[in-house]
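As structure tokens, the structure follows; a few thoughts come after it.
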Amino acid sequence: MEVNILILNSEISIALKNYCGQFNLINFSIFEIGKINSRLDLLKVRLVKHNVLLFKINCPVCGNKHYYRYSICEFLKREILIGGCEVYGTPLFYIGNNKKIIKKVNTYNKVVAQDIKLFKNAIKGETYMV
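Quick note on my numbering: the sequence shown kicks off at 1166 and runs consecutively.
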């Protein structure tokens, strides 16, 4: 007798760019995707049809609304989904495997924090060679 077991990792992370240019990170289960709406102001998610998710993002980069459709199967197949600003082509969100999203966000937020520090110092009149 052959037994097939399917192990499904339903834990997903989403990182959404905020108005400061950094990413806010939340973790959720694919089965509780509706909870995203109460945790992120710039993003609204709703289920359309049986297996398609519609994402509506108030873009912190250009100010427009952007819409994305993903099937639940895409969430389960891919390690990272990336959605970007259609006007400027910059990433707005990352969705996928918790560890990969956390690593990407931590790296990106460190770079942004360094850029902000350099910008503040430049305003004060300090200069740096890069």
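Note that beta-carbon positions come from the ideal geometry of N, C-alpha and C, so glycine has one too.
C-alpha distance - Leu1158 paired with Asn1274, whole-angstrom precision: For the chain, the structure presents residues 1166 to 1295; residue 1158 sits outside this window and is missing.
Would you check if there are 3 or more beta carbon pairs closer than 8 Å linking the region 1218–1227 to the region 1245–1257? Pairwise C-beta distances place the region 1218–1227 in contact with the region 1245–1257, as three or more of them are shorter than 8 Å.
Taking 7 Å as the limit between beta carbons, can you name the residues of its chain near Leu1207, skipping five residues before and five after? Leu1181, Ile1222, Asn1223 and Pro1225.
My parser needs the alpha helix (DSSP H) runs of 4 or more residues fully inside the region 1237–1274; what are they? Every alpha helix (DSSP H) stretch that sits fully inside the region 1237–1274 and reaches 4 residues is listed by chain position as 1237–1242.
Measure the alpha-carbon distance for Leu1246 versus Ile1177 and round it to whole angstroms. Between Leu1246 and Ile1177, the C-alpha separation is close to 11 Å.
Here's the rule: buried if 16 or more other CB atoms are within 10 angstroms of the residue's CB, otherwise exposed. What is Ile1179? Classified as buried, Ile1179 has 16 or more neighbouring CB atoms from the shown chains inside 10 Å of its CB.
Close Cβ partners of His1231 (< 6 Å) along its chain, the five nearest in sequence each way excluded: Listed in chain order, the non-local C-beta contacts of His1231 below 6 Å within the same chain comprise Ile1222, Cys1224 and Glu1251, local neighbours out to five positions each way being set aside.
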